[in-house]
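Working notes for the structure below.
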Amino acid sequence: MHKDNFRRLLRTVEALSDLGPEMTGEHDFTRTAQAMISALMQASGAREAVLFSYTDRPSLLTSIVSDGFVLMPEPAIIPLLPKHVHALSSARLPVVLAPGTHDMFLSGNGNIAPDLFKCLVSLRMGGKLVGVAALGRRDAEGRYDAAELESVELLCHFIGLAIHNHSLGQTLAQRVAENLRLMASLRGFYDSTLEVFATAIDVKHVNVHGHSLRVARYAAAIGEAMNLEPAEIAGLRSAGYLHDIGKVAVDKRLFGKPTALDPQEFREMADHTVVGHQIVSGIQFPWPLVPEVVRWHHERADGSGYPDGLRSDELSLPVQIIGLADTFDAMTSDRPYRESMSLGHALNEIVRLAPQKFDANIVQALLLQVRRDTVGSNRVAFLREGIGDNIGAADIDQLAASLQHRMSHGRIYLP
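Structural data, given as structure tokens:
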């Protein structure tokens, strides 16, 4: 993925990180609207933007907030004819306006000239038009490109929800229900956007596409088996998506090297933890554990990991869960310098390394999810297709008993 596209994705997540608390908190809508337009401008690279709400009796666009336009009246009003309403309601994607096309979407009978706008995005809720986001000139004075429009489209879906929620003006119960829907939608948007990030991070890994997606899934499932709260599980999934973000700065040739890395190459690869931490530390994620997971997911309980040589009592539970999920996927995936381990071999090795390297309770949770897969009790498959064919429930039970024996060996239990 081109560096500019990656920066644009990061900028979009950062914009949403700032926007989410404003949209779902108890704030004056003026403040929320300003946060929305700032996020939109940050994601699109626009230096001029305005958000309109739409009313159908009469058909009218009324500005909520604007930024960058020198001569924008307060409020700006644009009456709409039926053809304009139809065109805006039918526009499923952002529309880049060419000279002479403005009158397809906007009338010139208001107090603002439509030709100030370079791009329009319809804001809809349940198929109904609730507003319009209008962008003016870009920072680079050029046309909006496909990558920027994709970011704008993602953000505008949730801006439309917020504007619709503000416009309801009905009972408190209805407003609470809309806020809950908005919060659920934002969580889904985070997942969808971070999945895109995970794919971008893994693009250098010629042989391990999907690694970050699998680590996120494994970590969330381990958290579920440990009876963590839903918010903690969501945080694990997000941290899993981003745990390797620092690898975007690692030379691609290292990922395809068919032999072991030399000491200099290993240091370069290991630095992805520190680089990744620098990337994510400036972003206010809803889950504060993300930066520490990115930095410390290669630390181990006995202090043998990197970059800081921390021990188990210095590592949070999420860091240790992601560390195990990352190791498990690495063991069961092909690498240029070796073939993947069988599932049985990988699990035996992980049990052997507990508790020196991995927390035994986290390993037990991993075994539990694998066992659920073998007996078909998982609602959603834990393992990817094809890697669990050589192991059964009895094998998992034997591994779990072995782990328990390792943990209790040498202890004396008194009646």
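Residue 304 in numbering that gives the first Met the number 0 sits at position 305 of the sequence shown, and the numbers go up by one each step.
Built from N, CA and C at the ideal position, the CB exists for glycine as well.
By DSSP, does residue i sit in helix, in strand, or in coil?
{"i": "Arg136", "result": "coil"}
{"i": "Leu309", "result": "coil"}
{"i": "Ser280", "result": "helix"}
{"i": "Asp270", "result": "coil"}
{"i": "Asp114", "result": "helix"}
{"i": "Met70", "result": "Met is not the amino acid found at residue 70; the sequence shown has Leu there. Coil at Leu70, not helix or strand."}
{"i": "Leu59", "result": "strand"}
{"i": "Asp301", "result": "strand"}
{"i": "Ile321", "result": "helix"}
{"i": "Ala197", "result": "helix"}
{"i": "Pro354", "result": "coil"}
{"i": "Ser315", "result": "coil"}
{"i": "Ala329", "result": "helix"}
{"i": "Leu382", "result": "coil"}
{"i": "Asp261", "result": "coil"}
{"i": "Leu105", "result": "coil"}
{"i": "Gly255", "result": "helix"}
{"i": "Gly141", "result": "coil"}
{"i": "Gly99", "result": "coil"}
Kindly identify the DSSP beta-bridge partner or partners of residue i.
{"i": "Lys127", "result": "Met124"}
{"i": "Arg337", "result": "Arg334"}
{"i": "Val64", "result": "Leu50"}
{"i": "Leu415", "result": "Residue numbering for the chain in the displayed model covers 0 to 414; residue 415 lies beyond these limits and cannot be assessed."}
Would you tell me roughly how many angstroms separate the C-alpha atoms of residue i and residue j, rounded to the nearest one?
{"i": "Ser401", "j": "Gly322", "result": "22 Å"}
{"i": "Ala418", "j": "Arg299", "result": "What is shown of the chain runs 0 to 414, which leaves residue 418 out entirely."}
{"i": "Asn486", "j": "Trp286", "result": "Absent from the structure is residue 486, since the part of the chain shown begins at 0 and ends at 414."}
{"i": "Ser341", "j": "Leu366", "result": "15 Å"}
{"i": "Ile63", "j": "Val94", "result": "20 Å"}
{"i": "Ala329", "j": "His344", "result": "13 Å"}
{"i": "Thr54", "j": "Leu128", "result": "9 Å"}
{"i": "Ala238", "j": "Pro57", "result": "47 Å"}
{"i": "Val369", "j": "Ser376", "result": "10 Å"}
{"i": "Asp333", "j": "Gly44", "result": "40 Å"}
{"i": "Glu291", "j": "Leu316", "result": "11 Å"}
{"i": "Ala324", "j": "Leu212", "result": "11 Å"}
{"i": "Met40", "j": "Tyr240", "result": "25 Å"}
{"i": "Gly141", "j": "Thr373", "result": "56 Å"}
{"i": "Val247", "j": "Ala34", "result": "29 Å"}
{"i": "Arg294", "j": "Ala42", "result": "26 Å"}
{"i": "Ile282", "j": "Gly245", "result": "14 Å"}
{"i": "Val214", "j": "Arg383", "result": "11 Å"}
Just curious, the alpha helix (DSSP H) that residue i is in, first and last residue?
{"i": "Tyr217", "result": "210-224"}
{"i": "Pro229", "result": "229-241"}
{"i": "Pro78", "result": "From DSSP, Pro78 is part of no alpha helix (DSSP H) but of the beta strand (DSSP E) over 76-78."}
{"i": "Leu342", "result": "342-351"}
{"i": "Ala48", "result": "No alpha helix (DSSP H) contains Ala48, which is instead part of the beta strand (DSSP E) from 48-55."}
{"i": "Thr31", "result": "28-43"}
{"i": "Asn360", "result": "359-374"}
{"i": "Ala399", "result": "392-407"}
{"i": "Trp295", "result": "289-295"}
{"i": "Val84", "result": "81-89"}
{"i": "Val247", "result": "That residue, Val247, is in no alpha helix (DSSP H); it is neither H nor E in DSSP."}
{"i": "His165", "result": "145-166"}
Count the other CB atoms, across all protein chains shown, that sit within 10 Å of the CB of residue i; report buried if there are 16 or more and exposed otherwise.
{"i": "Glu433", "result": "Residue 433 falls outside the range modelled here, since the chain spans only 0 to 414, and no answer is possible."}
{"i": "Lys251", "result": "exposed"}
{"i": "Val279", "result": "buried"}
{"i": "Gln169", "result": "Residue placement at Gln169 is poorly supported in this model, since its pLDDT is 40, which falls under 50; the coordinates are not used for a value here."}
{"i": "Asp138", "result": "exposed"}
{"i": "Ala393", "result": "exposed"}
{"i": "Ala97", "result": "exposed"}
{"i": "Gly308", "result": "exposed"}
{"i": "Lys82", "result": "exposed"}
{"i": "Asp261", "result": "exposed"}
{"i": "Ser407", "result": "exposed"}
{"i": "Thr272", "result": "buried"}
{"i": "Asn164", "result": "buried"}
{"i": "Glu147", "result": "buried"}
{"i": "Thr29", "result": "exposed"}
{"i": "Gly385", "result": "exposed"}
{"i": "His276", "result": "buried"}
{"i": "Asp243", "result": "buried"}
{"i": "Gln319", "result": "buried"}
{"i": "Leu92", "result": "exposed"}
{"i": "Arg310", "result": "exposed"}
{"i": "Phe104", "result": "buried"}
{"i": "Ser89", "result": "exposed"}
{"i": "Ser303", "result": "exposed"}
{"i": "His85", "result": "exposed"}
{"i": "Arg378", "result": "exposed"}
Under 6 Å from any heavy atom of the ligand GDP, does the C-beta of residue i make it?
{"i": "Gly239", "result": "With respect to the ligand GDP, the structure shown offers nothing to examine, as it has no ligands at all."}
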